[in-house]
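Asker:
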């Protein structure tokens, strides 16, 4: 029997002594943040410890508020809440906090110093009721053995990050760390492999640009004996804590170990510019280049200077506040102008409400100083859309690819080895993969295609990590495989081999029609397969995608399939 759910509900479950989780669930994708792009819903996890004093940890954002308060009052007396502990603060959560402070005149808000400073802007009236955690020695005694310890876990995206540890239950509340955007009925992590893809995608989107800070946080958190890890999103970690720590460290080391890096400097008033920075960073890391994300509102000058000096290029982004760039961005810009080499490519981005003077300022100052802008400045009015974020991601990938190409062009070329020459003799069907999701369509030329199973009819495709279409080929996603004809493949091959600019229409001038799954079918194909991604596996610089053919037809029964002959396994 199929279980039906309300689009949003709250799941309440005990996880330790006097401790319950309240998982505000959205079964549909939340918009606006790139880490939701797998469209598997999410949970906003809050926690309540009810001892002699009651602590509410990480109340959800405003979109969950009504249902959350209804469920909360069913389980506890609202006026028993003594403390509200904030793992991070943003405008959405501040809206919830405002309502809670109105209803609970005696409650105390517990947060880090950066979060307290942010609250002064978001909720000025809340300041007298804030208890700032200034060191790891600060504790809260809730009684009945529950003693809360606090661990700063700052990243550039969440400078006010704060983890909470209950010494009695040995539950570690990790806020943005170790989460996943996945909605389901399972409260706990019942299988490592089943969650790995969602956790890796979450890490790549949120944590990879902050690998240096992530490793520092891991060192702090691994010191605590754990029974449960309680993240802000997704399943609660009961079984896989050791694997999560190991994976986060492994992924962070790999990110830091890239040959080249990009300095990504930004400030963000309402989270919009930060989201653009996140999308740019995602695109850069897809091209296997490191990102050093720097929040100019928190970073010291030496941190900015060091990141710029060691980078192959830099990006700088700013909101526009009162017709100006924030003081911190102006300071960062001065450091960049005095530090960066004129040979380092640059980029400018930002969001604004009514005007974009800050973006104009950054562009003018860099151009006047003799820097080359690798792309036209990215300007977003209010919140970025899904299409805008995909565009930012593609800009980031293009920026990284151009940097790597320039760097490697200066290195002496070595002849292909005997292994590379032999691998080059492997051939596969020359095809075009097309995909459509929401308002985003993409395509790529593929030659590494091979049948993998008879029943069900399945095959594999190797997809380079920096392909724009890669983000549309996750399990459950649909696409079309268009096989090209021998002797008629040159036109489509040249078209889809050419470099496309970010957001450029891949199908301009190509005769297509939509398949039943929405992806384009090329009219020049000799056969097409409508497919569903079943699995994908990370293999070096590619993802190997295993897909099931759900429908298909031969469009030209007399033609032969084109194949791609290579002389070296070093490149396509």
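Residue numbers (the UniProt record's numbering): 1 to 572. No residue lacks a Cβ here, since even glycine has one placed at the ideal position from N, Cα and C.
Given a threshold of 16 other Cβ atoms within 10 Å of its Cβ, counted over all protein chains shown, does residue 455 qualify as buried or as exposed?
Answerer: Residue 455 comes out exposed.
Asker: Might you give, ordered along the chain, the residues of its own chain that have their beta carbon closer than 7 Å to the beta carbon of residue 43, omitting 5 neighbours on each side?
Answerer: Counting only Cβ-Cβ distances below 7 Å, and skipping sequence neighbours, we find 23, 24, 25, 183, 233, 234.
Asker: As a quick exercise: from 520, 305, 21, pick the residue whose alpha carbon is nearest that of residue 171.
Answerer: Of the listed residues, the one whose Cα sits closest to residue 171 is 21.
Asker: Should residue 413 go down as buried or exposed, given a rule of 16 or more other Cβ atoms within 10 Å for buried?
Answerer: Looking at its Cβ environment, which holds fewer than 16 other Cβ atoms inside 10 Å, residue 413 is exposed.
Asker: Kindly list the residues whose CB is nearer than 6 Å to the CB of residue 537, restricted to its own chain and excluding five residues on each side of it in sequence; keep chain order.
Answerer: Cβ neighbours of residue 537 beyond the five flanking positions: 544.
Asker: Check whether the Cβ atoms of residue 255 and residue 205 sit closer than 8 Å, and answer yes or no.
Answerer: No. Outside cutoff.
Asker: Do residue 119 and residue 130 have their CB atoms nearer than 8 Å?
Answerer: It is a contact, given that the beta carbons lie within the stated cut-off.
Asker: Of all the options 557, 548, 99, 56, which has the alpha carbon lying nearest to the alpha carbon of residue 453?
Answerer: The residue with the shortest Cα to Cα distance from residue 453 is 548.
Asker: Enumerate, from N- to C-terminal direction, the unbroken beta strand (DSSP E) stretches of 3 or more residues contained entirely within the segment 220–263.
Answerer: As far as the segment 220–263 is concerned, its whole beta strand (DSSP E) runs of at least 3 residues are 228–231.
Asker: Would the segment 328–338 count as touching the segment 360–379 if we require 3 or more Cβ pairs under 8 Å?
Answerer: Short answer: they touch.
Asker: What number of angstroms, rounded off, separates the C-alpha of residue 531 from the C-alpha of residue 460?
Answerer: Answer to the nearest angstrom: the Cα atoms are 11 Å apart.
Asker: Taking the C-alpha atoms as reference points, what is the distance between residue 164 and residue 177?
Answerer: Straight-line Cα distance between these residues: approximately 12 Å.
Asker: Find out if the Cβ-Cβ distance for the pair residue 472, residue 435 is shorter than 8 Å.
Answerer: Yes, the Cβ-Cβ distance between residue 472 and residue 435 is below 8 Å.
Asker: Buried or exposed for residue 248, going by 16 or more other Cβ atoms inside 10 Å?
Answerer: Buried, by the Cβ-count rule.
Asker: Determine, using beta carbons only, whether residue 152 comes closer than 8 Å to chain C.
Answerer: Among the chains in the structure shown there is no chain C, since it carries only a single protein chain.
Asker: Taking Cβ to Cβ, would you say residue 237 is nearer than 8 Å to residue 228?
Answerer: It is a contact, given that the beta carbons lie within the stated cut-off.
Asker: I think residue 202 touches residue 470, with their Cβ atoms under 8 Å apart; what is that distance to the nearest whole Å?
Answerer: Contact doesn't hold; Cβ gap of about 16 Å is too wide.
Asker: Spell out the partners DSSP gives residue 514 in its beta bridges.
Answerer: DSSP, once it has assigned bridges, lists 520 as partnering residue 514.
Asker: Going by beta carbon distance, what residues of the same chain come within less than 8 Å of residue 420, once the five residues before and after it are set aside?
Answerer: Here the set comprises 568, 569, 570.
Asker: What is the DSSP secondary structure of residue 158, reduced to helix, strand or coil?
Answerer: The answer is coil: DSSP assigns residue 158 none of H, G, I, E or B.
Asker: Tell me where the alpha helix (DSSP H) around residue 72 begins and ends.
Answerer: Taken as a continuous stretch (DSSP letters only), the alpha helix (DSSP H) holding residue 72 covers 65–75.
Asker: According to DSSP, simplified to helix, strand and coil, what is residue 192?
Answerer: Three-state result, residue 192: helix.
Asker: Just the Cα atoms here: how many angstroms apart are residue 209 and residue 285?
Answerer: Rounded to whole angstroms, residue 209 to residue 285 spans 8 Å at the Cα level.
Asker: Figure out for me which residue from 444, 465, 112 has the closest Cα to the Cα of residue 483.
Answerer: Looking at the Cα atoms, 444 is the closest of the given residues.
Asker: With a 10 Å radius around its C-beta and 16 neighbouring C-beta atoms as the bar for buried, classify residue 490 as buried or exposed.
Answerer: When all chains shown are included, residue 490 counts as exposed.
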